[in-house]
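Notes to accompany the following structure.
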Amino acid sequence: MPKIVYLQAQRWGSGLPAPKSLVKSTVDICGTTYASELNTLSMVFPRPTTTTSSIHCSELDFVADDALGLYYAGDFCSHRNPGFEAAALSGLEVARHMWKVRQHRMMNKYIMQQHTVE
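In my numbering, the protein residues as written are 1 to 118.
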């Protein structure tokens, strides 16, 4: 089994401000306007559906290359609004995907072993 490599990156937090429609009040800090209060409890939009968005439901909230075993997750590659919750949900979704890929590979290995025994 290949060695597992873990890398981490952090995006600039002010790069993607909250949508104005969600902002109740703001505060200015060193020339940058931040949302200090929101009109909603969560800035994470629900997963898009074909009836609410032009985004296809089959699109993922992460980037994956199963053949290479490379996976990239976070709010920056999610279809949800940027933030901690979107990053966590993207990570959860990629973890579930990786588990399914692992289970599929294990099943294929088991089937191949059964054919060689017979």
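For glycine and all other residues, C-beta sits at the position ideal for the given N, C-alpha and C. In this text, all values refer to a predicted model and were calculated from it rather than measured experimentally.
Under the three-state DSSP convention, the category residue i falls into
i: K3; result: coil
i: E37; result: strand
i: D65; result: strand
i: L89; result: helix
Burial state of residue i, where buried means 16 or more other Cβ atoms lie within 10 Å
i: P19; result: exposed
i: G74; result: buried
i: R80; result: buried
i: V5; result: exposed
i: P82; result: buried
Beta-carbon gap between residue i and residue j smaller than 9 Å
i: F62; j: H104; result: no
i: L38; j: L60; result: no
i: A67; j: S78; result: no
i: T33; j: T26; result: yes
Residue interval of the beta strand (DSSP E) (run including residue i)
i: K20; result: That residue, K20, is in no beta strand (DSSP E); it is neither H nor E in DSSP.
Residues that residue i bridges to, as DSSP identifies them
i: A95; result: Its beta-bridge partners do not exist; DSSP assigns none.
i: V27; result: Y34
i: L70; result: D65
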